[in-house]
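Going by the working numbering, 465 is the number at position 103 of the sequence shown; the sequence numbering is gapless.
For each residue, glycine too, the CB sits at the ideal point set by N, CA and C.
Each remark here refers to the structure printed beneath this line.
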Amino acid sequence: MDPLEASRLITDEYAARILVATFKKPKSAIDLSREYGIPIAATYRRIHMLEKAGLIKCVERALTQRGKRISLYLSQLRNAYIFFENGRLRVRFQLASGVTKDFGGDWKAVDVLSR
């Protein structure tokens with residue numbers, strides 16, 4: 363993932379809402395959609411993107427009153443930093459596991475217009 367893509371991921375309105383909502387307590391996609399006004403399809407898309415990046419994970423498969431299994435998600439992101447230093451864009455994610463993910467590169471190498 364390049365630094366521009368990483369910064370877009372955490373600054374996306376829906377993704378940011380999901381990360382904040384699941385910071386302390388696991389929530390289902392349906393709860394996130396209802397509580398934060400995110401369309402359900404967009405909720406699942408963002409959850410998939412955040413899972414792929416390692417920023418959220420399914421921590422439990424709960425059973426509903428109707429006998430259906432639902433996934434409960436918890437944010438793995440503890441800190442996120444976006445830096446622009448000396449002509450370079452850098453992004454750092456610090457995860458709950460203690461792992462730090464750094465994304466950095468030359469600003470000129472990032473194709474801003476094609477996205």
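Host beta strand (DSSP E) of S437 (start-end): Taking the sequence shown and counting its residues from 1, one reaches residue 437 at position 75. Start and end: R431 to S437.
Stretch pair the stretch 393-411 + the stretch 367-384: three plus CB contacts closer than 8 Å: yes
Straight-line Cα distance separating A403 from T384: Walking along the sequence shown from the start, residue 384 turns up at place 22. Walking along the sequence shown from the start, residue 403 turns up at place 41. Rounded to whole angstroms, T384 to A403 spans 18 Å at the Cα level.
Beta-ladder partner(s) of I444, from DSSP: The residue you call residue 444 lines up with position 82 of the sequence shown. DSSP lists V453 as partners of I444.
Through-space distance from N448 to C420, alpha-carbon basis: Your numbering for residue 420 matches position 58 in the sequence shown. Your numbering for residue 448 matches position 86 in the sequence shown. Distance between the alpha carbons of C420 and N448 is about 38 Å.
Beta-carbon proximity list for K430, same chain, < 7 Å, skipping 5 on both sides: For the purposes of this step, residue 430 is taken as residue 68 along the sequence shown, with counting starting at 1. Nothing meets the Cβ criterion.
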